Amino acid sequence: MSDLEQFRADTRAWLDANCPEEMRQPMKSQSEHCWGGRKWEFQSEAQKVWLERMADKGWTAPQWPKEYGGGGLGPEEAAILDEEMKRINARTPVSNFGFWMLGPALLKFGSEELKREHLPPICRGEIRWCQGYSEPNAGSDLASLQTRAEDKGDHFLVNGQKIWTSYADKADWIFCLVRTDPEATKHNGISFVLFDMESDGVTTRPIELISGESPFCETFFDDVKVDKNQVVGELNRGWDVAKYLLTHERNNIGGEPPGFLKGRALGPLAAEYVGTEHGKLADTALRADIARLEIDQIAFKALVEKIRAEAEAGQGVGAQSAVLKYYGTELNKRRYEVMMDALGAEGLEWDSERTMGGLYAREWLRSKGNSIEGGTSEVMLGIVSKRLLGLPDA
1 MSDLEQFRAD TRAWLDANCP EEMRQPMKSQ SEHCWGGRKW EFQSEAQKVW
51 LERMADKGWT APQWPKEYGG GGLGPEEAAI LDEEMKRINA RTPVSNFGFW
101 MLGPALLKFG SEELKREHLP PICRGEIRWC QGYSEPNAGS DLASLQTRAE
151 DKGDHFLVNG QKIWTSYADK ADWIFCLVRT DPEATKHNGI SFVLFDMESD
201 GVTTRPIELI SGESPFCETF FDDVKVDKNQ VVGELNRGWD VAKYLLTHER
251 NNIGGEPPGF LKGRALGPLA AEYVGTEHGK LADTALRADI ARLEIDQIAF
301 KALVEKIRAE AEAGQGVGAQ SAVLKYYGTE LNKRRYEVMM DALGAEGLEW
351 DSERTMGGLY AREWLRSKGN SIEGGTSEVM LGIVSKRLLG LPDA
């Protein structure tokens, strides 16, 4: 038996013995996703146990170094772990912006002190992070940001406003872009800083969406004190960190959808609502739409695996993250549109027991934001046009 075969056998045995049965069931909604953090309330004892067991193994961040709380796995081992978790339908034990975005940036740009301070709590699910990027007048043109950090010797005083800050009201810490040199050119003079959301002067205000939920916030900073040792990378070179982090954000947004449709096939759901004839969906047009969608999903998964393999081989992702973000989010919106076609008028019910309190309609409406957050689809197409296709400006 090869080393990888032995690893697979050991991983399979450990997962079978340690993953609670409840954590092998599909999530009914995104509310069952474990975000972790100081404010997190576990949905069940099984969710708590599953996080603790996986964190002890370092498998909440399997490829991060062991000294920072990760599993120290190589790419092939991590792929095996992922396959074996999918085999038993095991839920991700914990996931948040600390894993998806900040962690990779800290591993590349952070000092040893910052890595040891922040990475282990992320792996244990103890600290939840939010992202302070967009501002009222700096969205797609992010480098126009005006939140300032004034040098006060051993610390900065931060003043300004961020908007569309996902889960700011639930987060413990924030990674934030601030302008530390107002005299520098637009993309220069920006620094990437970290600070506690319970710091004096931090205020959040949820923004209610059409879905009735409030995952986004306005975030205000009034003379917030930030220690200088919480700067990631070089002072005034935060744009380098920001660009690197955005590739990970876009890869994540373009991945498999969270919430109700994660890991679920649309065919069985559609069959509940439109019925079947001779073992096939009664609605032939809907059957064709689902088939096209599933074929496109398979093709997209193959593209993701190709780009991931290239990245692990040291080739980087670069502008290809825009391809993943654009196509992944548009595909996700299609997925929800097909779901609503299957549900018909009943899917629009807001309080029906059969629609789980309007879950279908709420998540369909929420999916519309996928092509805006993390960079609009139009911006992604612009990046593809210029940096991958080499086309001239309009």
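Counting from 1, position 168 in the sequence shown corresponds to residue 168 in full-length UniProt numbering; the numbering is continuous, with no gaps.
We put the beta carbon where it would ideally sit given N, CA and C, even for glycine.
Computed from a prediction, not measured in an experiment: that's the story for all the values here.
Buried versus exposed, by CB contacts within 10 Å (16 or more), residue i
i, result
"threonine 147", "buried"
"tryptophan 239", "buried"
"serine 134", "buried"
"proline 215", "buried"
"threonine 284", "exposed"
"leucine 388", "exposed"
"alanine 61", "buried"
"isoleucine 122", "buried"
"isoleucine 210", "exposed"
"valine 185", "In the sequence under discussion, the amino acid at residue 185 is threonine, which differs from the valine named in the question. By the neighbour-count rule (16 or more Cβ atoms within 10 Å), threonine 185 is not buried but exposed."
"serine 2", "exposed"
"tryptophan 364", "buried"
"isoleucine 88", "exposed"
"histidine 118", "buried"
"glycine 279", "exposed"
Bridge partner(s) assigned by DSSP for residue i
i, result
"glutamate 218", "Arg205"
"residue 476", "No statement about residue 476 is possible, as the shown extent of the chain runs from 1 to 394 and does not include it."
"arginine 237", "Ile190"
"valine 231", "Val193"
"valine 226", "Phe156"
Cβ shell of residue i (< 7 Å), same chain only, five flanking positions each side left out
i, result
"glycine 110", "Val232"
"serine 385", "Leu391"
"leucine 381", "Tyr326"
"proline 20", "Ala46, Val49, Trp50"
"aspartate 223", "Leu157, Asn159, Gly201"
"serine 371", "Thr329, Glu330, Lys333, Ser377"
"alanine 271", "Leu281"
"alanine 17", "none"
Residue-chain proximity (residue i, chain B), Cβ-Cβ < 9 Å
i, result
"lysine 325", "Among the chains of the structure shown, chain B does not appear; only one protein chain is present."
Cβ shell of residue i (< 8 Å), same chain only, five flanking positions each side left out
i, result
"glutamine 230", "Leu114, Val193, Leu194, Phe195"
"glycine 189", "Arg179, Thr180, Asp181, Pro182, Glu183, Asn236"
"lysine 39", "Arg128, Lys170, Asp172"
"proline 136", "Gln161, Ile163"
"lysine 228", "Asp154, His155, Phe156"
"threonine 247", "Val317, Gly318, Ser321"
Sequence-distant residues of its chain with Cβ nearer than 6 Å to residue i (five each side left out)
i, result
"leucine 245", "Met101, Ala105"
"glutamine 63", "Leu73, Ala78"
For this session: Answer yes if the stretch 101–108 comes into contact with the stretch 138–147, meaning at least three C-beta pairs across the two stretches below 8 Å, and no otherwise.
Result: no
Exercise. Going along the chain, which unbroken runs of the beta strand (DSSP E) with 3 or more residues stay wholly within the UniProt domain "Acyl-CoA oxidase/dehydrogenase middle" (130–224)?
Worked result: 148–151, 155–162, 173–179, 190–196, 202–207
For this session: At 4 residues or longer, and completely inside the stretch 297–332: list those alpha helix (DSSP H) runs for me, N to C.
Result: none
For this session: Assess, as a yes-or-no matter, whether the stretch 156–170 is touched by the stretch 196–209 under the definition of 3 or more beta carbon pairs within less than 8 Å.
Result: yes
For this session: Spell out a yes or no on whether the stretch 151–162 and the stretch 65–82 are touching, meaning 3 or more CB-CB pairs, one atom from each, closer than 8 Å.
Result: no
Exercise. Just checking, does the stretch 317–325 make contact with the stretch 278–295 on the three C-beta pairs under 8 Å criterion?
Worked result: no
Problem set entry | At least 3 beta-carbon pairs within less than 8 Å: the stretch 120–139 vs the stretch 90–99 | yes
Exercise. What runs of the alpha helix (DSSP H), each 4 residues or longer, lie entirely inside the stretch 53–128?
Worked result: 75–87, 103–109, 112–123
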